[in-house]
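S.K.: Chains Z and C, in that order, are what the protein sequence lines are. Number 255 in our numbering belongs to position 255 of the first sequence; there are no gaps in the numbering. Number 415 in our numbering belongs to position 117 of the second sequence; there are no gaps in the numbering. The beta-carbon is built from N, C-alpha and C at its ideal position, and this holds for glycine as well. These figures come from a predicted structure and were not determined experimentally.
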Amino acid sequence: MCGIVGLLVKNQKMRDSIGELMLPMLIGMTERGPDSAGLAMFGAPVAADSRKFSLYSGVADFNWTKLGHDFEQHLSVKAKIEPKANHAVLTTTLEPATVKVWLKEHYPLLHLLSVGQLMDIYKDVGTPAQVADRYDFKNFKGTHLVGHTRMATESAVTPAHAHPFTAGEDWCLVHNGSLSNANSLRRKLQKEGIEFETDNDTEAACRFLQWRMREGDDLETALNHGFEELDGFYTLLMGTRNQLALVRDPFGCKPAIIAEHDDYVAIASEFRSLAHLPDIKNAKVFEPSPKEMYVWKL
Amino acid sequence: METLKFDLDVKPLREINQLLHGDAAGLNGKAIVIENPNGAHNIAVGLKSEVDVTIKGHAGYYAAGMNQIAKVTIEGSAGSGVAENMMSGHVHVKGFASNAAGATANGGLLVIDGDAGLRCAIALKGADVVVGGSVGSFSAFMAQAGNFVILGDAGEGLGDSIYEAKIFVRGKVKSLGADCEEKTTSAEDRKILADLLVKSGHADVNPDSFQQYGSARTLYHFHVDNAGAY
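Take a look at the structure:
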């Protein structure tokens, strides 16, 4: 199984409470995905010359302050480190390539979850309620988000295998379903120089889209290539700087339901996760058609 | 009619379903209203008495599954497998229905006012299904008996490997499945269609505006040309 949720808040006043609006959505998908959960949150951008790096440590009492200090010392640059339990957001003006090399050299066990100007990623094992509590999802502020609750079927239950996955800056994807040609896709993409972090099938889909976009496809063209090459069942929900996008496989094997309201657009695997949104009675609730692309812009 | 109201925000669904599975004589003729369904799964499954259930909102998966005799009205939409394997009775979805609505239903009438998802009436075994909107791909796959009326359009592969179920479509069919073909509507079939339109609240719709589909029966028997494969 697995559950997906997405929320894009159009009403400016409601953006400060996006975390609170989202929380029942994520918890509503617990039965579909009780073993891990994740969230990509798009908030206010950092300064134009800076980027945020979402980091995850497998160690509970990781010394983030030391990492921040080492980073500034070694690279002679200002950096901001904002820890939140196992996760931290590092903000710096250095290029991603430099940061990645430094992290690999000095902190090889850390996971770099995402890079961007607006997006933070949190993902961990545990029930959606436990993960949300651990990282204080309830108090998140922002414009849009993509969330996931996982019931693992094809690879291990670890934070790295949890969703969302990223494929480029301020770009993320969550997946409900399973791909049968993930291994052959991975081999094909590795030949193209695409690097993988896990053996997860969703990562293969994510890297496929990353590769297509690297080759010049826009999101829609990349997804059309995806319909041809991804073999299996999927509902994919993607988040970018200013939009959410959704597709279902041609056989409609995995569910999705959408609520469009003047104040927000909400997406979930099932209506259970939308039932408690404000004024949902007046939202346009519908099921997206298979093999069609749905995009909502801020 | 005596009406019992339940609020799913307060009362666990299992308790309501257990009450609905209780003594049929005590339930006959009663009206049950279920408020705040909020997409819960398995609402009013396995009913077997002459009870009238109204679900005041959106239902989750398998609502009114395995229904017998009872009348179930869903005022919102229904998740996957609404009225699946229904034996008799009447299920009415006022919104849209997700995938596999009325799957394997043996008897009774399923009415969906909005659209239905993929695989609607898959393996239909004798029930009547009327969809006010359009249906998704692979609907009526291997449908064996019963009548399937679609006021809107049908997706790909309609009636693939169909047996003796009858399909009536008013709109466009994207493609027919293997062994499904257009049929000429007989006077007898026209009456079946006209009756179903009346029963499902579409008395104003002209039965002559539908195209009938059914089995070409070429998959019924072993074809001797294939003997060489063994």
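1. What residues from the segment 220 to 253 of chain Z come within 9 angstroms of chain C, judged by C-beta to C-beta, listed N to C?
2. Can you tell me whether DSSP reads Ser273(Z) as helix, strand or coil?
3. Spatial neighbours of Phe436(C) within its chain, please: C-beta separation below 6 angstroms, excluding the five flanking residues on both sides.
4. Could you confirm whether any beta carbon from chain C is found closer than 8 angstroms to the beta carbon of Ala283(Z)?
5. Go ahead and pull the three-state DSSP assignment for Trp171(Z).
6. Once the 5 residues before and after Ala514(C) are set aside, which same chain residues still bring their CB inside 6 angstroms of it?
7. When burial is assigned at 16 or more other CB atoms within 10 Å of the CB, is Lys369(C) buried or exposed?
8. Give a yes or no on whether the C-beta atoms belonging to Gly147(Z) and Arg15(Z) are separated by under 8 angstroms.
9. Can you list, in chain order, the residues of its chain with a C-beta nearer than 8 angstroms to that of Asn315(C)? Leave out the 5 residues immediately preceding and following it.
10. Tell whether a beta-carbon distance below 8 angstroms holds between Val428(C) and Leu325(C).
11. So Ala54(Z) and Ile4(Z) are supposed to be a Cβ contact under 8 angstroms. How far apart are they, rounded?
12. I need the straight-line Cα distance from Asp451(C) to Ala441(C), nearest angstrom please.
13. Any residues in the segment 335 to 353 of chain C with a beta carbon nearer than 9 angstroms to a beta carbon of chain Z? Which ones, in chain order?
14. For the candidate residues Ala245(Z), Pro250(Z) and Phe251(Z), whose alpha-carbon lies nearest to that of Gly258(Z)?
15. Could you check if Met299(C) is buried or exposed, using at least 16 other CB atoms within 10 Å of its CB as the buried criterion?
16. For Pro290(Z), which residues in chain C fall below 8 angstroms Cβ to Cβ?
17. Which residue spans inside the segment 348 to 414 of chain C form an unbroken alpha helix (DSSP H) run of at least 4?
18. Which residues does DSSP list as the beta-bridge partners of Leu237(Z)?
19. Can you tell me whether Arg468(C) is buried or exposed? The criterion is at least 16 other CB atoms within 10 Å of its CB, across all chains shown.
20. If the cut is a Cβ gap below 9 angstroms, which residues of chain Z does Phe394(C) touch?
21. Is the shortest distance between the beta-carbon of Ser378(C) and the beta-carbons of chain Z less than 8 angstroms?
22. Going along chain Z in order, which residues have a C-beta closer than 9 angstroms to the C-beta of Asn397(C)?
M.R.: In brief:
1. Those residues of the segment 220 to 253 of chain Z that come within reach of chain C (Cβ to Cβ, closer than 9 angstroms) are Pro250, Phe251, Gly252 and Cys253.
2. Along the first sequence, read from residue 1 onward, the residue named residue 273(Z) stands at position 273. Here Ser273(Z) sits in helix by DSSP.
3. Working through the second sequence from its first residue, we reach residue 436(C) at position 138. Excluding sequence neighbours, Phe436(C) sits near Leu416, Arg417 and Gly455.
4. Counted from its first residue, the first sequence places residue 283(Z) at position 283. Answer no: the Cβ-Cβ gap between Ala283(Z) and chain C never drops below 8 angstroms.
5. Sequence index remark: in the first sequence, residue 171(Z) carries index 171 (1-based). Three-state result, Trp171(Z): coil.
6. Working through the second sequence from its first residue, we reach residue 514(C) at position 216. Closer than 6 angstroms at Cβ, skipping near neighbours: Asp477 and Glu479.
7. Along the second sequence, one-based indexing puts residue 369(C) at 71. Lys369(C) is buried by the Cβ-count criterion.
8. Position 147 of the first sequence, counted from the first residue, corresponds to residue 147(Z). Position 15 of the first sequence, counted from the first residue, corresponds to residue 15(Z). No, the pair does not count as a contact, with Cβ atoms beyond the cut-off.
9. Position 17 of the second sequence, counted from the first residue, corresponds to residue 315(C). Excluding sequence neighbours, Asn315(C) sits near Asn340, Ile341, Ala342, Val343 and Gly344.
10. As a working mapping, residue 428(C) is identified with position 130 in the second sequence. As a working mapping, residue 325(C) is identified with position 27 in the second sequence. At the C-beta level, Val428(C) and Leu325(C) stay beyond 8 angstroms of one another.
11. Mapped onto the first sequence, residue 54(Z) falls at position 54. Mapped onto the first sequence, residue 4(Z) falls at position 4. Per the sequence presented here, residue 54(Z) reads as Ser, with Ala not at that position. About 19 angstroms; that fails the 8 angstroms criterion.
12. Indexing the second sequence from 1 puts residue 451(C) at position 153. Indexing the second sequence from 1 puts residue 441(C) at position 143. Note on geometry: alpha-carbon atoms of Asp451(C) and Ala441(C) lie some 18 angstroms from one another.
13. Of all residues in the segment 335 to 353 of chain C, the ones placed with a Cβ closer than 9 angstroms to any Cβ belonging to chain Z are Pro335, Asn336, Gly337, Ala338 and His339, in chain order.
14. Counting from 1 along the first sequence, the entry for residue 258(Z) is found at position 258. According to the sequence displayed, residue 258(Z) carries Ile and not Gly. Looking at the Cα atoms, Ala245(Z) is the closest of the given residues.
15. Position 1 of the second sequence, counting from 1, holds the residue named residue 299(C). With fewer than 16 other Cβ atoms from the protein chains shown falling within 10 Å of its own Cβ, Met299(C) counts as exposed.
16. The residue given as residue 290(Z) occupies position 290 in the first sequence. Here the neighbours are Leu416, Gly434 and Ser435.
17. With a minimum length of 4 residues, no continuous alpha helix (DSSP H) run stays inside the segment 348 to 414 of chain C.
18. Within the first sequence, the letter at position 237 stands for residue 237(Z). Its beta-bridge partners are Val174(Z) and Leu246(Z).
19. On the second sequence, residue 468(C) is found 170 positions in, with the first residue counted as 1. Arg468(C) counts as buried, since no fewer than 16 other beta carbons sit within 10 angstroms of its beta carbon.
20. Here residue 394(C) corresponds to residue number 96 of the second sequence, with the count starting at 1. Residues of chain Z passing the Cβ test: Val285, Phe286 and Glu287.
21. Here residue 378(C) corresponds to residue number 80 of the second sequence, with the count starting at 1. Chain Z, which has a Cβ nearer than 8 angstroms to the Cβ of Ser378(C), makes this yes.
22. Within the second sequence, numbered from 1, the residue matching residue 397(C) stands at position 99. Among the residues of chain Z, those whose CB is under 9 angstroms from the CB of Asn397(C) are Gly252, Cys253, Pro255 and Glu287, following chain order.
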